[in-house]
Amino acid sequence: MLVLSRKIEEAINIGGSITIKVLSIQDGQVKLGIEAPPQVLIYRTEIHNQIEQENMAAAKALRSSVVKVAGVFKRKRAENNARE
2 MLVLSRKIEE AINIGGSITI KVLSIQDGQV KLGIEAPPQV LIYRTEIHNQ IEQENMAAAK
62 ALRSSVVKVA GVFKRKRAEN NARE
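Mapping the sequence shown onto the working numbering, position 55 (from 1) lands on 56, and the numbers just tick up by one.
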């Protein structure tokens, strides 16, 4: 982890397209401004973690659904083969 000290109105650049600027420091809180291209997604860590959890849950549900549908097709195929 890179640790930097910055004063109000000072900034850091990341990868040539992202700038993070210290806007204010007040009552133990730092306000940052972030300039980045629109395709760069920026989330607070707690929101990012929630999105990851929801994506994992959705992937599990999708996998479960696919397995169920595959079972239905397998049974139908077996029924059709038995009739022939």
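Glycine included, every Cβ here is placed at the ideal spot set by N, Cα and C.
DSSP places E85 outside any alpha helix (DSSP H), giving it a letter other than H or E. A Cβ-Cβ distance of about 14 Å is found for the pair I26 and A12, leaving them out of contact under the 8 Å criterion. One alpha carbon belongs to I19, the other to E53, and they sit about 23 Å apart.
C-alpha of I15 to C-alpha of V68: approximately 43 Å in a straight line. Per DSSP, reduced to three states, the secondary structure at K22 is strand.
Bounds of the beta strand (DSSP E) holding L33 are Q30 to E36.
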